[in-house]
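Chemist: Right, I'll just put the structure down here and ask away after.
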Amino acid sequence: MGSNGKRPGACHTCRRRRVKCDLVEPACERCTKTKIQCEGYAKKAGLKFVDEKQKAEKRVQIKREAYLQAIQAEDARDKAKQHHANTLEGQILEGAGAEQQLPKANKVIVATRTSKLKDHDNEVGTELSIAGFQDEIHMSFLLSKLFVGARMFMPWMLKGCKWSEDCTTTQTIKALGGIYFGRMHHRKQSLDSGFQCYSKALRLLSKDLVSKRAWELPSLTNVLSLTVFEIMASPTGNGFLQHEGGIARLIQSSTPERFQSVPELDVFESARLAIAFGCADLRIRCFLEDPKWKTIPWLKHPEARDLRSLIYDRFCDFPGILQDLEAFRVGNLQDPADVERLYQTIYNQLQQLYEWRAQWESQNGSCCFSRASQDSRSPFSQALHFQNLQQAAGLAHYNTVLLILLRAGRMLKGPDFSSTISSESIRVARRNPDLLLPQDSKTLHGVASEILRSVEYGLSEPHTSGGCFQLLFPLRGTLEVYKPGCPERVYLIKTFSDIADKGGFEMSRGLTPAGLCGRMIEDEHLDT
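In short: position in the sequence shown from 1, add 640, done, that's this note's numbering.
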C-alpha cells in the first residue's frame, strides 16, 4: 500500500520478512536468534510515504489472473451442466412421440420441463450487454447490498467523490463496486474493471499522501475502502494487513481532537475496529488502547458512545494482552510482579466486559430466541436468531473478547481460573433465556457455541454480506478453540467458504487453519 502500511512498532527487518517481531530493543531477539542483522525500529513521529506502486500493480495483476482462472473453471462447470440439460431436453423430445401413452399428470411434467429449457435458452440468447452502463450497475448493487444492516461504511465511503477519472474516491468506489458485483455474479468483465480501478486508485492515492490531502478525511476513507477491496480480493490477507497498517499510521499521525465532528467520528469508529483486528492478528499492542483515544473523540458528541462504541474499546485493549501473553509464553515476562499485573489487567478487562454484557441484556430484552436449525451441516440442532443484525454482531463481538480473556486467564492461572470471578458484583436480570450471562459458569466451547449458533442468522438474507463481514473476526477467534477434525471445526471451515462465496469476502479462506498470521494465543496444549 502506498501509505507505508507496515505497522509501527515492529523492527524494519521483521516487517520486511512479514514475521512477528518480539519488540526487544535495541535489536529484536528474533533477528538475533536467526543471525540476521536487525535494522532497528521505525520512528513514530510523522507520516512517511513509501512508493510501492509497481509492487501493488504486480499484486493486482496476479490476483486478476487468479480470478479469471477461477471463473473459467466455473464457466466450464456451467457448460457441463448446460450440456446435461440439453441432453435431457433431447431425451424428452425423443420421447414426445410416446407422450400420448403417458398419464395426464406426466404429460404436464414433460411439457413444463421442455418449456423451461427453451425459455432458458431464449434468455441466454437475448442477454443485453451492460458494458455501457456497468459502473452505474456496480454502484447500485454495492450501495443496496453491501453491509445491509451493518451500520458501517455508508454513506461516508463516498466522501469527496467527484465522479471524475482523476478523483481517488471515484476510483476506489468503482474498484469496490466492480469486484463485489463480479464476485457475486461470477462476471469476468466486472472483476477486470474492479482490478483496473484498483490500480488507478493506488496511483492517485500515492499522490494524495504526499500532499496536504493526506490530512483530509477522504484519504482515510479511501484507504478503508481499499481495505475492504483486499478482504474481497485475496485469501492471503497480506493486502488487508498492509492497508490496515496505513490506516493506523494516518490516524496515529493525527490527534484524537481531529475526529470530534460527526463525519470524522463515524469514520474513526470503523477505522479503529480494522486497526484492532490487524493488531490482534499480529499480536502487537494497539496505540488506541491509550485512554485519550477512548474519550477525546466523543467529547462533543457523548451520545455516540453507545454499546457498539464501548465494545470497540475492548477490541482495542486485547491486542496488548496478546502481546504480553506471548512474552509470558516464550519466557520474556517472568517477574512475578509483572505476571500479577498482567493477570490484574485481564481481571479488570473481564469485569468491564461483563458490565457491557449487563447493559446489552437490559437494552435488548427478548431479542434472541432459538429456532430449529435449517442447515444440515450445523452440529447444533438449534440456531440463534435476533431481531436485527446489530444485536447479533454485538453479541458475537462480546463473545470474541470473552474467549480471548478466558483463554488468557487460563494460561496464567491454570485450570482453576474461574470464568465468573469478575462478575460477582454484577447483577444481571435474565431477559434472553438462550444466552449465557456473566454469572453463569461457562466453558470455552460454551461461549464459542453462541457464535457458531448465530451463523445461520448472520448469513441469511437480506443482510448476508453485512453478516458475513461482521462474523469474520469472531469466527477467526472461535476457530482456535476447536481441535482439527471435530464437528464444530468442520462446520467452521464450511462457513468460511460460504462467507467467500455468498458474502464475497475471499479473505475468509485464508483464515484457516490458523488465521492470517498464525494463532493469536498459543494454547493448543491446554484442554478446551
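Here a beta-carbon is modelled for each residue, glycine too, at the ideal position from N, C-alpha and C.
1) Determine, using beta carbons only, whether R1129 and L1151 come nearer to each other than 7 angstroms.
2) Going by the DSSP bridge assignment, what does Q811 pair with across the sheet?
3) How big is the Cα-Cα spacing for R1011 and P1124?
4) For V1121, which residues of its own chain have a beta-carbon under 7 angstroms away from its beta-carbon, when the five flanking residues on both sides are left out?
5) So, at 7 angstroms on beta carbons, what are the nonlocal neighbours of T1027 in its own chain, with the 5 sequence-adjacent residues on each side left out?
6) Note down, in chain order, each residue of its chain lying with its Cβ closer than 8 angstroms to the Cβ of Q1031, except the 5 sequence neighbours on either side.
7) Please work out which residues of its chain come closer than 7 angstroms, Cβ to Cβ, to V902, disregarding the five sequence neighbours upstream and downstream, and give them in chain order.
8) Of the choices W803, T672, M824, A815, whose alpha-carbon is the least far from that of I1139?
9) Would G1049 pass as a contact of I951 if the rule is Cβ separation under 7 angstroms?
10) Could you tell me which of Q829, C1126, E1090, D1056 sits nearest to N1227, measuring between CA atoms?
11) Along the beta strand (DSSP E) that carries H1085, what are the first and last residues, could you check?
12) DSSP has A1012 in a bridge; who is on the other side?
13) Whole angstroms is fine: what's the gap from H1165's alpha carbon to P1055's?
14) Is it the case that the segment 874–881 contacts the segment 891–902, given that we only count it when at least three CB pairs across the two stretches are under 8 angstroms?
15) So, under 8 angstroms CB-CB, K799 and T867 are touching, yes? Tell me the CB distance rounded to an integer number of Å.
16) Rounded to whole angstroms, what is the Cα-Cα separation between L687 and K852?
17) For the alpha helix (DSSP H) holding P937, just list the boundary residues, first then last.
18) Please classify C678: does DSSP put it in a helix, a strand, or coil?
19) Contact between the segment 782–791 and the segment 1094–1112: three or more CB pairs below 8 angstroms?
20) I'd like the span of the alpha helix (DSSP H) that includes Y1038, first residue to last.
21) For K1082, which residues of its own chain have a beta-carbon under 6 angstroms away from its beta-carbon, when the five flanking residues on both sides are left out?
22) Is the segment 1013–1026 touching the segment 989–1001 in the sense that three or more CB pairs, one from each, lie closer than 8 angstroms?
23) Please list the terminal residues of the continuous alpha helix (DSSP H) segment that includes L1076.
24) Please report how far the alpha carbon of I672 lies from the alpha carbon of S1018, in whole angstroms.
25) Which whole-angstrom value describes the C-beta separation of L1052 and V979, a residue pair presumed to lie in contact below a C-beta threshold of 8 angstroms?
26) Less than 8 angstroms between the CB atoms is what I'm expecting for R912 and G1034, so what's the real figure, rounded?
27) Helix or strand or just coil, what does DSSP make of C1007?
28) State buried or exposed for I1061, treating a residue as buried only when at least 16 other CB atoms are found within 10 Å of its CB.
29) What residue does the alpha helix (DSSP H) around F908 start on, and which one ends it?
30) State the Cα-Cα distance for the pair L928 and F773, rounded to the nearest angstrom.
31) In the DSSP assignment, find the alpha helix (DSSP H) that holds C956 and state where it starts and stops.
32) Tell whether a beta-carbon distance below 7 angstroms holds between K808 and D848.
33) Using CA coordinates, which residue listed in A815, V659, N972 is at the minimum distance from E665?
34) For R1129, does the three-state DSSP call read helix, strand or coil?
35) Hey, L922 and R954: beta-carbon distance below 7 angstroms or not?
36) Whole angstroms is fine: what's the gap from P1127's alpha carbon to Q991's?
Modeler: So, to answer that:
1) Reading the sequence shown from its first residue, position 489 is the one you call residue 1129. Reading the sequence shown from its first residue, position 511 is the one you call residue 1151. No, Cβ-Cβ distance for R1129 and L1151 is not below 7 angstroms.
2) On the sequence shown, position 171 is the one that residue 811 refers to. Bridge partners of Q811: none, in fact.
3) Within the sequence shown, the letter at position 371 stands for residue 1011. Within the sequence shown, the letter at position 484 stands for residue 1124. Rounded to whole angstroms, R1011 to P1124 spans 28 angstroms at the Cα level.
4) Mapped onto the sequence shown, residue 1121 falls at position 481. Hits under 7 angstroms: L1043, L1084, H1085, A1088, T1168.
5) Residue numbering aside, residue 1027 sits at position 387 when the sequence shown is read from its first letter. Looking at the sequence shown, residue 1027 is not Thr but Gln. So the qualifying residues of the chain are C1007.
6) For the purposes of this step, residue 1031 is taken as residue 391 along the sequence shown, with counting starting at 1. Taken in chain order, the residues that qualify are N1004, C1007, C1008.
7) Numbered from 1 along the sequence shown, position 262 holds the residue referred to as residue 902. These residues qualify, in order along the chain: H941.
8) By one-based count along the sequence shown, residue 1139 stands at place 499. The shortest C-alpha separation from I1139 is found at M824.
9) For the purposes of this step, residue 1049 is identified with residue 409 of the sequence shown, where counting begins at 1. For the purposes of this step, residue 951 is identified with residue 311 of the sequence shown, where counting begins at 1. In this structure, I951 does not lie closer than 7 angstroms to G1049 by Cβ.
10) This structure cannot speak to residue 1227, because the chain is shown only from 641 to 1168.
11) If you number the sequence shown from 1, residue 1085 lands on position 445. Note, H1085: premise wrong, no beta strand (DSSP E); alpha helix (DSSP H) at 1084–1093.
12) Taking the sequence shown and counting its residues from 1, one reaches residue 1012 at position 372. Residue pairing of A1012 in beta bridges, as defined by DSSP: Q1022.
13) Locating residue 1165 in the sequence shown gives position 525, where the first residue counts as 1. Locating residue 1055 in the sequence shown gives position 415, where the first residue counts as 1. The straight-line gap separating the alpha-carbon atoms of H1165 and P1055 is approximately 12 angstroms.
14) Fewer than three pairs of CB atoms, one per stretch, sit closer than 8 angstroms, so the segment 891–902 makes no contact with the segment 874–881.
15) Translated into positions along the sequence shown, residue 799 becomes position 159. Translated into positions along the sequence shown, residue 867 becomes position 227. Not a contact, Cβ separation roughly 15 angstroms.
16) Position 47 of the sequence shown, counting from 1, holds the residue named residue 687. Position 212 of the sequence shown, counting from 1, holds the residue named residue 852. Bear in mind that the predicted position of L687 carries a pLDDT of just 47, short of 50, making it unreliable; the figure below should be weighed with that in mind. Cα-Cα distance, rounded: 12 angstroms.
17) As a working note, residue 937 is residue 297 in the sequence shown. That residue, P937, is in no alpha helix (DSSP H); it is neither H nor E in DSSP.
18) Numbered from its first residue, the sequence shown carries residue 678 at position 38. Look at C678 here: in three-state DSSP terms it is coil, with no helix or strand label.
19) Judged by Cβ distances under 8 angstroms, the segment 782–791 makes contact with the segment 1094–1112, as three or more pairs qualify.
20) Locating residue 1038 in the sequence shown gives position 398, counting from the first residue. Looking at the DSSP string, the run of the alpha helix (DSSP H) that includes Y1038 is 1029–1053.
21) By 1-based counting over the sequence shown, the position of residue 1082 is 442. Within the same chain, K1082 has close Cβ partners S1059, L1076.
22) Contact fails: fewer than three Cβ-Cβ distances are below 8 angstroms.
23) Taking the first residue of the sequence shown as 1, we reach residue 1076 at position 436. Per DSSP, L1076 belongs to no alpha helix (DSSP H) and is neither H nor E.
24) On the sequence shown, residue 672 is found 32 positions in, with the first residue counted as 1. On the sequence shown, residue 1018 is found 378 positions in, with the first residue counted as 1. A quick correction: the sequence has Thr, not Ile, at residue 672. Rounded to the nearest angstrom, the two C-alpha atoms are 47 angstroms apart.
25) Taking the sequence shown and counting its residues from 1, one reaches residue 1052 at position 412. Taking the sequence shown and counting its residues from 1, one reaches residue 979 at position 339. Between V979 and L1052 the Cβ distance is about 7 angstroms, and since that is below 8 angstroms, they are a contact.
26) The count along the sequence shown starts at 1 and reaches residue 912 at position 272. The count along the sequence shown starts at 1 and reaches residue 1034 at position 394. Contact doesn't hold; Cβ gap of about 16 angstroms is too wide.
27) As a first step, residue 1007 is located in the sequence shown; it is residue number 367 there, counting from the start. Of the three classes helix, strand and coil, the one that applies to C1007 here is coil, per DSSP.
28) Position 421 of the sequence shown holds residue 1061. So I1061 counts as exposed.
29) Position 268 of the sequence shown holds residue 908. Secondary structure note for F908: its alpha helix (DSSP H) is the uninterrupted segment 902–922.
30) Position 288 of the sequence shown holds residue 928. Position 133 of the sequence shown holds residue 773. Taking the straight line from one Cα to the other gives about 42 angstroms.
31) By 1-based counting over the sequence shown, the position of residue 956 is 316. In this chain, the alpha helix (DSSP H) harbouring C956 covers 947–969.
32) Locating residue 808 in the sequence shown gives position 168, counting from the first residue. Locating residue 848 in the sequence shown gives position 208, counting from the first residue. The sequence shown places Thr at residue 808, rather than the Lys named in the question. Cβ atoms of T808 and D848: closer than 7 angstroms.
33) Counted from its first residue, the sequence shown places residue 665 at position 25. When only C-alpha atoms are compared, the closest one is N972.
34) Indexing the sequence shown from 1 puts residue 1129 at position 489. Helix at R1129.
35) By one-based count along the sequence shown, residue 922 stands at place 282. By one-based count along the sequence shown, residue 954 stands at place 314. Not a contact, by the Cβ cut-off of 7 angstroms.
36) Mapped onto the sequence shown, residue 1127 falls at position 487. Mapped onto the sequence shown, residue 991 falls at position 351. Approximately 32 angstroms, taken between the alpha carbons.
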